[in-house]
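Going by the UniProt record's numbering, the residue at position 489 of the sequence shown is 489; the numbering climbs one at a time, nothing skipped.
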Amino acid sequence: MAAPAPATATTTTTRAHALLIPYPCSGHINPTLHFARLLHSAGVLVTFVNTEHNHALMVERARGRGHAHDVVDDVFMWGFRYVAIPDGLAPSSERGAQDHYSMGLLRAVVTHCAGHLRALIVRLNSDAAAAAGASSSAALSPVTCVVASELMSFALDVAADLGLPSYMLWGTSACGLACGRAVGELRRRGHVPLKDESDLTNGYLDTPIDWIAGMPAVRLGDISSFVRTLDPQCFALRVEEDEANSCARARGLILNTFEDLESDVLHALRDEFPRVYTIGPLAAAMHRAQQCHGHGRSAAVAPPAPGLSLWEEDSKCMSWLDAQADGSVLYVSFGSLAVLSLEQLAELAWGLAASNRPFLWVVRPGLVVGDRGADALPEDFLAETRGRCFIAEWCAQEQVLRHRAVGGFLTHSGWNSTTESIWSGVPMLCWPGFADQYINCRYACEEWGIGLRLDETLRREQVTARVEELMGGGGDTDDRAREMRRRAAEWKAKAEAAATAPGGSSYESLDRLVEDLRLAVAEADAEAELATATPTTQGRR
């Protein structure tokens, strides 16, 4: 009997069906949703896995927009399926910013979710087998691969156990991944954990780390917030190390970045991983999904898929921006998880007030310790800044950053915010505080030339001075501001070229990824055919 022909992406009738599972917070869910829409626009079937808590929130928002029907279990919106598994916490448990630093949700997810995910995939594929040939929709097609965001590496093991290929969607920077993979060597060299609490303030965090492949020398303190520990068993540092190293168990590594932005570190990563796909900035790449909705053949524009937010977006801020001069507004937001002390809030508020610049500030509930929001702003602050300040509980950040009036972004340097700012051509004032935010800040300020840094201890005088330097306050500050705007415009053009047009590095990388998803299906079909043929062949001997 002749051997089966070598598998190619065109030798199978089974459609690629990707099951995506992000870590259950908005900073992971929203970029994974962007990626899901990119896959769907390329003809890949998609099932999106939420936790039950977040699934309920997303469906509620979708119903409010008239997009979802009254269904209890699987939900179909924007062409693909949403399903849910338990997160391991009680319904009344805290899952927001206050939990973020204690990591209760993370501990629950890594402990409880693997079994639920395995059962889900088994159910989906059993349903598909029972309805074989009936439909090509995601509802009746077997899952052919698993894509997990970082912090969900248990999904790689579940996929392997079920005989499915897996991919890691690393939602932070390539340099952040390289830093995570360096943690083990930091331990061996004695850099972490810290020896004494004085190491936090005596300059020890300025120790140069000059041996990470593909990266320039960086400060120890810029590797991650988690190096600031005296605990040899620090849970957060161990998770960061384990998750970064887990990428080796995946068939492919998917990164929300683009080649020009992190070329050296990407080159180094490719020495370790055979398949690295750069598909970012995802905010820019979404234009491809909108232009190619309908498996790449239709000119129709897809309706925007909702992200996950606990707060309603304040549309009035856009009208306020419309009334401001071009490039005059400082946008201030620290994402969905940062928590400020009352002292930090006051220093920031009065520093902004003294700048005499118009600013749009997102002050969400929970931004301030004690689960407080705008009610914690200093007395007389709103009166002092009346007419040049807009306080929003939440806003559509991508739209804000693309608005002509926005000339600067005071940010926590989360990777989603960083890439959205790059794609929008907006220089940044960086105040990192958690995980990879330090290395993102370092690159924005020193490698890409589009940022300024605030000290870890906020001082109102420095806030005012840095705002003037970022926005241009006369004299030398105008020259520095012009140079940052020039560099930001260059990076914006590079980001758009990479992600939105044929020939761009991220555009072509996505095509290669989709081809690999289909190739993996063909390989599995070929193996199944060989396994079926083998008993017959043996019987003839």
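C-beta atoms are modelled at their ideal positions from N, C-alpha and C, and glycine is treated no differently.
Note that the coordinates shown come from a computational prediction; the quantities given were computed from them, not determined experimentally.
Member of the options whose CA lies at the smallest distance from the CA of residue i
i	options	result
glycine 504	Gly43, Ala250, Gly280	Gly280
leucine 124	Cys145, Ala108, Trp211, Gly203	Cys145
isoleucine 85	Val400, Phe48, Leu377, Cys389	Phe48
glycine 91	Gly115, Asn54, Phe80	The question names glycine, but residue 91 is proline in the sequence shown. Of the listed residues, the one whose Cα sits closest to proline 91 is Asn54.
arginine 188	Ala130, Pro232, Thr201	Pro232
lysine 316	Val362, Val46, Ala353, Leu342	Val362
aspartate 371	Asp380, Leu106, Ser341, Asn50	Ser341
asparagine 416	Gly171, Trp350, Ala528	Gly171
alanine 114	Phe154, Val122, Met484	Phe154
aspartate 162	Met428, Glu447, Leu429, Val143	Sequence inspection shows leucine at residue 162; the aspartate mentioned does not correspond to that position. For the residues Met428, Glu447, Leu429, Val143, the minimum Cα distance to leucine 162 belongs to Val143.
glutamine 397	Leu33, Ser421, Met215	Ser421
serine 149	Thr111, Glu347, Asn30	Asn30
histidine 412	Asn245, Leu106, Tyr438	Tyr438
leucine 20	Val147, Val514, Leu269	Val147
Three-state secondary structure (DSSP) of residue i
i	result
threonine 144	coil
tryptophan 361	strand
cysteine 389	strand
histidine 191	coil
tyrosine 23	coil
valine 332	strand
leucine 38	helix
tryptophan 311	coil
residue 542	In the structure as shown, the chain starts at 1 and stops at 541, and residue 542 therefore has no counterpart that could be examined.
aspartate 525	helix
valine 406	strand
phenylalanine 80	strand
isoleucine 279	coil
glycine 252	strand
residue 549	Residue numbering for the chain in the displayed model covers 1 to 541; residue 549 lies beyond these limits and cannot be assessed.
serine 149	strand
asparagine 418	Correcting the residue identity first, residue 418 is threonine in this sequence and not asparagine. In the structure shown, threonine 418 sits in a helix (DSSP, three-state: H, G or I).
asparagine 202	coil
glutamine 233	coil
proline 303	With a pLDDT of 45 at proline 303, under the threshold of 50, the predicted position of this residue should be treated as unreliable, and no value is reported.
glutamine 324	coil
leucine 261	coil
leucine 530	helix
residue 607	In the structure displayed, the chain extends from 1 to 541; residue 607 sits before or after that span and is not available.
cysteine 395	coil
aspartate 196	coil
asparagine 245	helix
glutamate 446	helix
Beta-carbon proximity check, residue i vs residue j, cutoff 8 angstroms
i	j	result
alanine 182	isoleucine 223	yes
threonine 419	asparagine 256	yes
glycine 190	glutamate 241	no
aspartate 314	tryptophan 394	yes
serine 141	arginine 15	yes
leucine 366	valine 339	First, the amino acid is wrong: residue 366 is glycine here, not leucine. Yes. Within cutoff.
arginine 482	glycine 472	yes
arginine 344	alanine 405	The sequence shown places glutamine at residue 344, rather than the arginine named in the question. For glutamine 344 and alanine 405, no; Cβs fall outside 8 angstroms.
serine 328	glycine 407	yes
leucine 105	valine 158	no
threonine 464	glycine 387	no
arginine 251	serine 41	no
cysteine 25	leucine 470	no
Nearest-angstrom beta carbon gap, residue j and residue i [assumed within contact, 8 angstroms]
i	j	result
glycine 414	glycine 27	6 angstroms
alanine 522	alanine 284	Alanine 522 to alanine 284, Cβ: 31 angstroms. No contact.
methionine 330	arginine 357	Sequence check: residue 330 is leucine here, not methionine. Yes, leucine 330 and arginine 357 are in contact; Cβ-Cβ is about 5 angstroms, under 8 angstroms.
leucine 452	glutamine 462	Wrong, their Cβ atoms sit about 10 angstroms apart, outside the cutoff.
glutamate 259	leucine 266	6 angstroms
cysteine 175	glutamate 262	6 angstroms
leucine 89	alanine 119	Contact doesn't hold; Cβ gap of about 18 angstroms is too wide.
arginine 228	leucine 200	6 angstroms
valine 218	arginine 485	Contact doesn't hold; Cβ gap of about 26 angstroms is too wide.
methionine 58	tyrosine 82	7 angstroms
leucine 220	proline 193	Rounded, the Cβ-Cβ distance is 12 angstroms, inconsistent with contact.
alanine 160	leucine 517	So it is not a contact: roughly 17 angstroms between Cβ atoms.
alanine 36	alanine 178	Between alanine 178 and alanine 36 the Cβ distance is about 26 angstroms, and since that is not below 8 angstroms, they are no contact.
proline 427	alanine 495	That belief does not hold up - the Cβ atoms of proline 427 and alanine 495 are roughly 14 angstroms apart, past 8 angstroms.
serine 246	methionine 168	7 angstroms
Beta bridge counterpart(s) of residue i as assigned by DSSP
i	result
proline 208	Arg219
glycine 451	Met428
glycine 51	Sequence check: residue 51 is threonine here, not glycine. Threonine 51 is bridged to Ile85.
residue 556	Here the chain has residues from 1 to 541 only, and residue 556 is not among them.
arginine 372	Val368
valine 411	As written in the sequence, residue 411 is threonine, which differs from the valine given in the question. According to DSSP, which records beta bridges pairwise, threonine 411 is partnered with Ser333, Cys430.
leucine 340	Val368
Check: residue i C-beta below 7 angstroms from any heavy atom of the ligand ZN
i	result
proline 208	Among the components of this structure there are no ligands whatsoever, and the ligand ZN is therefore not found.
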